[in-house]
Structure formats: C-alpha cells, structure tokens
Amino acid sequence: METELNIFLLQARKSIKNLLTFKSVLVILGNETCDLDSAISSLTYGLLLNHLKTPESVVIPVFNIPREHLPVKTEVIYFLNKLNIGLDNVICRDEIDLESLNRKGNLRLSLVDHHVLQPSDTGLVSSVVNVLDHRPQDPAWPWDNTDITLRIVGSCCTLVAEKLLTVAPDLVTPIVAVLLLGTILLDTACLSPAVGRATPQDHQMAEALQARCDSSVERYQLFRELQAAKSDISSLTSSHLLIKDLKVAAGIPIAGLPIKVKEILKREDAQRAVQEFCKAHNTKLCVVYGSQIVQGTVTRDLAVYNQADEKTALEIVAALTSNKEPDLDLQPQPCSVEGFMLFDQCNIKATRKQILPIIRQVGEKISVEN
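According to the UniProt record's numbering, the sequence shown is numbered sequentially starting from 1.
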C-alpha cells in the first residue's frame, strides 16, 4: 500500500507537467545544500501544506540542487530508500522553471531551512509567502509582511514536527515520524549534551515523534545508520565531496565535509579538485570545513584555500581566529598541500552555521572595497 507521502510526491511529479493550469503553485524550497534537514523539511512541510491547500492550487516540494547532484547526498538517498520513498518522484531544482512561474504570477514560495536567497534567486523574492528556518535572522532579510517562523533549534525538522503535530497530527504516520526523528538526531548528534546543539524543543519533539514510530525504531541505532550513510564516501571523488554539503557566503564557497579536511588533503586529486571547484564558482579561494564523529566523539577542522588571493584568505583567517562569539579556538596545523592554511577547531560546539556569518562579513567588506 502506498504511503500518504508517496501519494503526495507522485501527485506533485504528475502536476509539474501542467503547472499553468493551476491558479497557484506553492513550491516548498529547501536550501542549496540539500542536506538531510533541508530535504526532509521540504517533503514533510510540503505534506502539511498540501493538506491545507485550496483545490485550485498545487504544492510542489523541491530539492534545491540539480538532479545530477542528488547521488552525492548519500544520507538523503539512504534514508528515502530505507523507507521506500520513491526517489523518481522527488523533484529537483532543474526540473521546474521557477522563474517562468514567477513571471506569470502564479508562483508562491515557501522557504524551509534557510531564509536568505542566493543572488541568482533574488528575482523570486516577491513570491515568498512563508519562511521556516532555525538560524539566527540575517538583518538584511527581515521578511516583513511574510509569514515567518524563525527559531534557533538544532534542526528545522523540529519546527516542521511541531507544526505537523499541532495542525494535522494524523499526517505524522510512523514513516513521517521516523523521517523527522532521524533528521533531528543527525542534526543534533543524537541530542548529545557534549555537542550542545539540541535545545529543549528538539528533545520534546524527539520524544513526541518516537512515540509515533514503530516499536522497532531504536534512537541511537537510527542515528548511527544515518551518520554512517552521511560519512560513506567510498563511491565519491574529491570533486563530489566538495559539492556534497556546499554553502556560499558573499561569493565565497564553503564546502562541508563528513570527514576531517586533513583526510581529504591526503588524496592525490585533492588540490586539482579544489582548483576546479573554485573555477566552477568563479573565485580564487574557498573554505573547506570538516566534521567527523567517531564513537560518539566529534572533531572539527577547517582550511582556507587560495590560488591567487592571499590577501582575502588572510583576512578570513584573521576574522575566524579573532572571533569571540563564538570563540572557535582554532589551532594551526602543518599542511604540505600548496595554497592551504589548515586549522583544528577545538571548540566543537561551534558549527558551520556560526562560521558562515563571519565569512560573509569578510566577503561583503571586500566587495565594497573593490
């Protein structure tokens, strides 16, 4: 028997062939990283909004990456396959023309797991009707006159779960519950106090979701499975790894890795891959951020790479090392690969989400100066 989520996704897939027949097309758009939180948030929040929609509208959850990048999202692929959710019915960014829908006036955008549009998407700003995110608010994006839920919790899926359980609890079937629970666990390192990412709301939603999961679902086992899938890089090249979890701040790409940066730098193709990565993003520098969990212990490191922009690279390093809220406690490490400055991050509670604004500020300052 098809699950309600699969039926919804199948209907969405069929609908993209004739979107202009609908008065309103509500697109649930995750962030450009399309990590597990972004992916599952878009699917499950889409399920809720589909339940609430009017007959003349259609709801389409969209993964904000090209289809060809989907295999790189190993934990997303693993989790959807595990729960028999049809990947063929998942819609990626290059399979729907948002710009055309926007010009015709029938696009409505709901942003999940982000609230800052990329420069290439700023033309869509007038179509945004709803924002659901768990990051500190960017002052440049206040979203006045928009339905916005912005709360600092460990996972955007915590906010989605709260809305589902409040508005339409019957939609939280065992499959939807395990999707949300697994994502919250992965985002918070299984609600680890040592990592410090989980809030009371994350704990509360995890308990509520666990109660709706099948009895066979064991919390730590689920977390370990997802962490293993996220860290499974056996089939990925260095180039794949650099786009697996990518953010861009003021034109500076920040590649997130499921392993330590020093491990990827041991690969023969690492330097060439980073050079090609920078070229693809029309930049001379990038930041590579590594995070690894081994037997419950988190370690982090980062590297700033430059080809021909040492001044900016040094400014980024200075900003990161001098930052106090949070203090990253960066310790320089030897690195023999040309162009890289490598650091261990001893404050493991600080995440890339907190590093992004620091790098963005440097990038924006340099843009103004130039």
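Here a beta-carbon is modelled for each residue, glycine too, at the ideal position from N, C-alpha and C. Note that the structure is a prediction, hence the values are computed from the model and not measured.
For residue j and residue i, believed in contact at Cβ under 8 Å, the rounded distance
{"i": "LEU265", "j": "CYS190", "result": "28 Å between Cβ atoms; not a contact."}
{"i": "ALA161", "j": "LEU209", "result": "6 Å"}
{"i": "LEU242", "j": "ALA255", "result": "4 Å"}
{"i": "GLU75", "j": "LYS260", "result": "That pair is no contact at about 18 Å."}
{"i": "SER38", "j": "ASP113", "result": "4 Å"}
{"i": "ASN306", "j": "ILE358", "result": "Their Cβ separation, rounded to whole angstroms, is 17 Å, which puts ASN306 and ILE358 out of contact at 8 Å."}
{"i": "ARG300", "j": "ILE252", "result": "That belief does not hold up - the Cβ atoms of ARG300 and ILE252 are roughly 19 Å apart, past 8 Å."}
{"i": "LEU180", "j": "CYS157", "result": "5 Å"}
{"i": "VAL178", "j": "VAL217", "result": "6 Å"}
{"i": "LEU111", "j": "SER127", "result": "10 Å between Cβ atoms; not a contact."}
The beta strand (DSSP E) enclosing residue i, as first and last residue numbers
{"i": "ASP344", "result": "340 to 345"}
{"i": "ARG108", "result": "107 to 112"}
{"i": "ASN81", "result": "Careful: ASN81 lies outside any beta strand (DSSP E), inside the alpha helix (DSSP H) at 74 to 82."}
{"i": "ILE28", "result": "24 to 29"}
{"i": "LEU330", "result": "330 to 333"}
Contact test: residue i Cβ vs the ligand MN heavy atom, cutoff 7 Å
{"i": "PRO174", "result": "The model on display carries no ligand, and the ligand MN is accordingly not part of it."}
Pair within 8 Å by beta-carbon distance, residue i and residue j
{"i": "LEU171", "j": "LEU226", "result": "no"}
{"i": "residue 372", "j": "LEU5", "result": "Here the chain comprises residues numbered 1 to 370, so residue 372 is not present and cannot be evaluated."}
{"i": "GLN345", "j": "LEU330", "result": "yes"}
{"i": "LEU9", "j": "PHE79", "result": "no"}
{"i": "VAL167", "j": "LEU48", "result": "yes"}
{"i": "ILE85", "j": "ARG13", "result": "no"}
{"i": "ILE148", "j": "PRO136", "result": "no"}
{"i": "ARG352", "j": "LYS247", "result": "yes"}
{"i": "MET341", "j": "VAL304", "result": "yes"}
{"i": "GLN271", "j": "GLU338", "result": "yes"}
{"i": "LEU87", "j": "HIS115", "result": "no"}
{"i": "LEU328", "j": "ALA249", "result": "no"}
{"i": "GLY46", "j": "VAL59", "result": "yes"}
{"i": "LEU257", "j": "GLY290", "result": "yes"}
{"i": "VAL125", "j": "ARG93", "result": "no"}
{"i": "LYS73", "j": "LYS244", "result": "yes"}
{"i": "LEU302", "j": "PHE277", "result": "no"}
{"i": "LYS23", "j": "GLU56", "result": "yes"}
{"i": "LYS284", "j": "ALA318", "result": "no"}
{"i": "ARG224", "j": "GLY154", "result": "no"}
Exposed unless 16 or more other CB atoms sit within 10 angstroms - verdict on residue i
{"i": "GLN201", "result": "buried"}
{"i": "LYS17", "result": "exposed"}
{"i": "ASN102", "result": "buried"}
{"i": "GLY363", "result": "buried"}
{"i": "GLY123", "result": "exposed"}
{"i": "THR183", "result": "buried"}
{"i": "ALA273", "result": "buried"}
{"i": "LEU26", "result": "buried"}
{"i": "GLU369", "result": "exposed"}
{"i": "SER367", "result": "exposed"}
{"i": "GLU268", "result": "exposed"}
{"i": "ARG360", "result": "buried"}
{"i": "LEU52", "result": "exposed"}
{"i": "ALA194", "result": "exposed"}
{"i": "MET1", "result": "Per-residue confidence for MET1 stands at a pLDDT of 45, beneath the threshold of 50, marking its modelled position as unreliable; the derived number appears in the next sentence. By the neighbour-count rule (16 or more Cβ atoms within 10 Å), MET1 is not buried but exposed."}
{"i": "ASN64", "result": "buried"}
{"i": "ASN31", "result": "buried"}
{"i": "ARG67", "result": "exposed"}
{"i": "ALA350", "result": "buried"}
{"i": "ASN282", "result": "exposed"}
{"i": "ASP144", "result": "exposed"}
{"i": "ALA313", "result": "buried"}
{"i": "SER41", "result": "buried"}
{"i": "ALA206", "result": "buried"}
Where the alpha helix (DSSP H) containing residue i begins and where it ends
{"i": "LEU164", "result": "156 to 167"}
{"i": "GLN295", "result": "Segment: none, GLN295 is in no alpha helix (DSSP H) and carries neither H nor E."}
{"i": "ALA229", "result": "219 to 231"}
{"i": "ASP147", "result": "Taken as a continuous stretch (DSSP letters only), ASP147 belongs to no alpha helix (DSSP H), being part of the beta strand (DSSP E) at 147 to 150."}
{"i": "GLN118", "result": "It is not in any alpha helix (DSSP H) - GLN118 carries neither H nor E in the DSSP assignment."}
{"i": "PRO200", "result": "200 to 210"}
{"i": "ARG272", "result": "270 to 280"}
{"i": "SER41", "result": "36 to 52"}
{"i": "ALA177", "result": "174 to 187"}
{"i": "SER100", "result": "98 to 104"}
{"i": "ILE16", "result": "Here ILE16 belongs to no alpha helix (DSSP H), and DSSP marks it neither H nor E."}
{"i": "ILE348", "result": "Unbroken run through ILE348: none, as it is neither H nor E."}
{"i": "VAL337", "result": "Unbroken run through VAL337: none, as it is neither H nor E."}
{"i": "ILE85", "result": "Taken as a continuous stretch (DSSP letters only), ILE85 belongs to no alpha helix (DSSP H), as it is neither H nor E."}
{"i": "LYS262", "result": "261 to 264"}
Residues bridged to residue i [DSSP beta-bridge criterion]
{"i": "PHE63", "result": "CYS92"}
{"i": "ALA255", "result": "LEU246 and VAL288"}
{"i": "THR299", "result": "GLN292"}
{"i": "ASN130", "result": "SER110 and ASP147"}
{"i": "ASN306", "result": "LEU285"}
{"i": "VAL58", "result": "VAL25"}
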